[in-house]
Structure formats: C-alpha cells, structure tokens
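Visitor:
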Amino acid sequence: QDNNTDVKASGLGIYVLDETPGTGEKTVTNEGYAVVNYTVTDLNGNISAFTDENTARQMGQYDTTKYYGPKVWCTINETIEAGIQNAISGMKVGGRKKVLIPSWLMSYSVYATAEEYFKESTDYSNSIYDITVEDYTDSVDEWQINHIKTYITEKYGDLNSFSNDTTGFYYKQLAAPIKDTAFPSDTTIYVNYTGKLLNGLVFDTSIEKVAKDNGLYSPAKTYGPVEI
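Sequential numbering of the sequence shown, starting at 249, is according to my numbering.
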C-alpha cells in the first residue's frame with residue numbers, strides 16, 4: 249500500500265502495518281493459548297473472517313445462533329499457522345497488531361528459516377490480520393475453569409452452593425423435587441432442556457417458545473420433553 253512503502257519484513261517474513269503495545273502482565277509464547285479477537289482481509293480490504301458482532305451486523309451477516317467474541321488459539325508449534333504464530337509471539341495482553349502475512353507462512357510446518365517456508369506451497373493467499381490479544385494462558389483447562397467459577401459466582405452466588413463430580417460437571421438445584429426417591433437405573437424419564445454458552449447464547453433447546461425467541465426454531469424439529 250502507498251502509505252506503507254517503508255514497511256519491511258520482520259521475523260519469518262511478516263509485515264507489521266500497525267501496532268499498539270499491550271500493557272498486560274502476560275506475554276504470548278509458543279507454549280500456550282492466546283485468547284484473541286481478529287479481523288482478516290485480503291489485500292483489497294475484503295473481509296474474509298472476523299470475531300466481532302458489530303462487523304457481522306455491518307456486513308449483513310449477523311446470525312442470532314452464532315457465537316461472536318474472542319477465540320482461543322493454541323500457540324504451540326504445528327497447531328497454528330507459522331505466520332500467525334510469528335505475529336503474536338511476544339505480544340502482551342491488551343496489545344493489537346495489524347500484519348500482512350504472506351501465503352507461504354500459512355503453513356503448520358516448522359522450519360528454521362524464511363527461505364524454507366517460501367519453498368512450501370499452500371492453498372492460502374496473502375492476508376492481513378488485525379489481531380488483539382485479550383488474554384493468554386499456559387493451561388486452557390485452568391483458564392476455562394476460572395471462567396466457569398467466575399460465571400457461577402456472578403450469576404448464582406457462592407460457589408459452594410454447587411457440587412462438582414469427577415467429570416467436572418457443575419449443577420445447582422433450582423427447585424425441590426416432588427419426590428425424593430432416586431430413579432432406578434433402568435428408568436425412562438422425559439426432560440425439557442435449554443443449552444446456553446456462558447455469554448447467554450442459546451445453542452439448543454427442547455422448548456418451542458425458547459427456540460423461536462432465540463432464532464433457533466425449525467419446523468422440521470419436534471419440540472417437547474426428550475426421552476432419556
């Protein structure tokens with residue numbers, strides 16, 4: 249681009265077009281998980297991928313059944329494209345970086361030099377990634393559990409009111425049962441349910457009204473208690 253004529257390749261061969269350093273204590277390494285928001289465009293500015301709800305609305309692609317928000321990228325070698333890994337490695341939480349990543353760096357392979365990457369053929373094209381690091385963790389399991397605990401505390405109060413079995417299943421009894429006799433193991437029961445993400449997005453339900461209210465309704469589906 250004309251206004252970036254002085255930009256030079258860095259690292260493996262990415263071009264940093266714009267950057268705002270982060271002020272967080274955590275730094276992205278090649279050994280963990282980065283929580284990011286991003287927008288991906290081609291060199292003409294056409295958007296091909298994004299995480300932001302406002303972008304979806306502006307493009308006329310907003311979907312009430314789709315999750316919008318940060319995504320988790322594993323930053324370990326061969327689990328993420330080399331160019332993206334090279335771009336975010338060393339970024340601090342809160343930092344933003346806009347980078348042009350050449351097609352040959354969209355490889356999951358690990359090489360020692362940029363020249364070796366250049367020799368590899370990929371199906372990708374040159375892309376511009378606008379990335380903001382929202383968080384970083386060495387353990388995605390620990391990160392998820394902390395988010396669950398925070399959610400439970402904020403929504404339902406004291407975490408001790410919940411029980412946790414060996415599989416990591418949390419529950420809270422919202423109403424007393426009519427009978428307190430346990431079901432025999434061979435019993436057939438019927439339940440209604442609604443599944444939500446922690447941000448409130450409903451992704452599945454057996455209740456017709458809930459499906460309609462959340463843009464999930466399908467005339468091909470039979471709603472009502474599910475046999476278990």
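We put the beta carbon where it would ideally sit given N, CA and C, even for glycine.
Rounded to whole angstroms, what is the Cα-Cα separation between residue 310 and residue 302?
Guide: Counting from 1 along the sequence shown, the entry for residue 310 is found at position 62. Counting from 1 along the sequence shown, the entry for residue 302 is found at position 54. Using only the alpha carbons, I get a separation of about 8 Å.
Visitor: Looking at the secondary structure, which residues open and close the beta strand (DSSP E) in which residue 443 lies?
Guide: Here residue 443 is taken as the residue at index 195 of the sequence shown, counted from 1. From DSSP, the beta strand (DSSP E) with residue 443 extends over 442–444.
Visitor: Are there 16 or more other CB atoms within 10 angstroms of the CB of residue 307, so buried, or fewer, so exposed?
Guide: As a working mapping, residue 307 is identified with position 59 in the sequence shown. Counting Cβ neighbours within 10 Å, residue 307 comes out exposed, since fewer than 16 surround it.
Visitor: Please say whether residue 372 and residue 330 have beta carbons closer to each other than 9 Å?
Guide: Within the sequence shown, the letter at position 82 stands for residue 330. Within the sequence shown, the letter at position 124 stands for residue 372. Result no, Cβ atoms of residue 330 and residue 372 do not sit closer than 9 Å.
Visitor: Along the chain, which unbroken stretches of the alpha helix (DSSP H) at least 4 residues long are found entirely within the stretch 257–314?
Guide: For the stretch 257–314, whole alpha helix (DSSP H) runs of length 4 or above, ordered along the chain, are 301–306.
Visitor: Rounding to the nearest angstrom, what Cα-Cα distance links residue 261 and residue 366 in this structure?
Guide: Here residue 261 refers to the residue found at position 13 when the sequence shown is read from its first residue. Here residue 366 refers to the residue found at position 118 when the sequence shown is read from its first residue. Taking the straight line joining both Cα atoms gives about 9 Å.
Visitor: Mind checking whether residue 276 and residue 336 have CB atoms under 9 Å apart?
Guide: Against the sequence shown, residue 276 aligns to sequence position 28. Against the sequence shown, residue 336 aligns to sequence position 88. It is a contact, given that the beta carbons lie within the stated cut-off.
Visitor: Mind checking which residues open and close the alpha helix (DSSP H) that includes residue 461?
Guide: Stepping through the sequence shown from its first residue, residue 461 is reached at position 213. It spans 456–461 - the alpha helix (DSSP H) in which residue 461 sits, taken as one unbroken run.
Visitor: Considering only C-alpha positions, which residue in the set 359, 317, 282 and 255 is nearest to residue 298?
Guide: Here residue 298 corresponds to residue number 50 of the sequence shown, with the count starting at 1. When each option's Cα is compared against that of residue 298, the closest is 317.
Visitor: With residue 382 as the anchor, note down where its beta strand (DSSP E) starts and where it stops.
Guide: The count along the sequence shown starts at 1 and reaches residue 382 at position 134. Where residue 382 is concerned, the enclosing beta strand (DSSP E) stretches over 375–385.
Visitor: Thinking residue 473 and residue 438 are a contact (beta carbons under 8 Å), I'd like their distance in whole angstroms, please.
Guide: Translated into the one-based positions of the sequence shown, residue 473 becomes position 225. Translated into the one-based positions of the sequence shown, residue 438 becomes position 190. Confirmed, about 4 Å.
Visitor: Inspect the beta-carbon positions of residue 346 and residue 456 and report whether they are closer than 9 Å.
Guide: Start at 1 with the first residue of the sequence shown, and residue 346 comes out as number 98. Start at 1 with the first residue of the sequence shown, and residue 456 comes out as number 208. No.
Visitor: Enumerate in chain order the residues of its own chain whose CB-to-CB distance from residue 342 is below 6 Å, with the five nearest sequence positions on each side excluded.
Guide: For this step, residue 342 is matched to residue 94 along the sequence shown. So the qualifying residues of the chain are 270, 271 and 272.
Visitor: If we ignore side chains and look at the alpha-carbon of each, how far apart do residue 354 and residue 379 end up?
Guide: Against the sequence shown, residue 354 aligns to sequence position 106. Against the sequence shown, residue 379 aligns to sequence position 131. Those two C-alpha atoms are separated by around 16 Å.
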